[in-house]
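Participant:
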Amino acid sequence: MQLKAKLERKKADLEHEFGIMKSEDSYNDPDRTVGNAEDADEAFEDTSHLETKLKEENATRALGLVEKALAKIDLGTYGLCEVGGEPIDEARLQAFPEATTCVDHA
Numbered sequence: 001m002q003l004k005a006k007l008e009r010k011k012a013d014l015e016h017e018f019g020i021m022k023s024e025d026s027y028n029d030p031d032r033t034v035g036n037a038e039d040a041d042e043a044f045e046d047t048s049h050l051e052t053k054l055k056e057e058n059a060t061r062a063l064g065l066v067e068k069a070l071a072k073i074d075l076g077t078y079g080l081c082e083v084g085g086e087p088i089d090e091a092r093l094q095a096f097p098e099a100t101t102c103v104d105h106a
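Written out as structure tokens, the structure reads:
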């Protein structure tokens, strides 16, 4: 199934993204200790960490949707609207393969 491959690729990309985010998080620097920098540097580290955390939260949500869609494929319920049970339009699934509802119920 073409959409399954698309979802698996998206999952791999998101998992790779997590690795990059972890390495870029200023709080993961082994030499970092609280108060080891000037106030401006400390503020930058804090802001950078918060930005990374927000990106991680968004990626976590996206990964959850992708994993849910892959599970639905295995269950045989992929492509059916969770609200009304009708088929989700193919164009919607092509654009957003992790969609769980039709356009009317989105």
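In terms of full-length UniProt numbering, the sequence shown opens at residue 1 and continues consecutively. For each residue, glycine too, the CB sits at the ideal point set by N, CA and C. Bear in mind that the values here come from a model prediction, so they are computed numbers and not experimental data.
1) Let's see if you can read the secondary structure: which residues bound the alpha helix (DSSP H) around I88?
2) How would you write the range of the alpha helix (DSSP H) that S26 sits in, first residue to last?
3) In chain order, what residues of the same chain have a beta carbon less than 7 Å from the beta carbon of Q47, not counting five sequence neighbours either side?
4) Looking at the strands, I want to know which residues DSSP matches up with L80.
5) Can you tell which of G85, E42 and E17 has its C-alpha closest to the C-alpha of Y27?
6) Pull up the distance between the alpha-carbon of L50 and that of K68, whole angstroms please.
Facilitator: Reading off the structure:
1) From DSSP, I88 is part of no alpha helix (DSSP H); its letter is neither H nor E.
2) Note, S26: premise wrong, no alpha helix (DSSP H); not H, not E.
3) The question names Gln, yet the displayed sequence has Thr at residue 47. In its chain, beyond the 5 residues on either side, no residue has a beta carbon closer than 7 Å to the beta carbon of T47.
4) P87
5) E42
6) 27 Å
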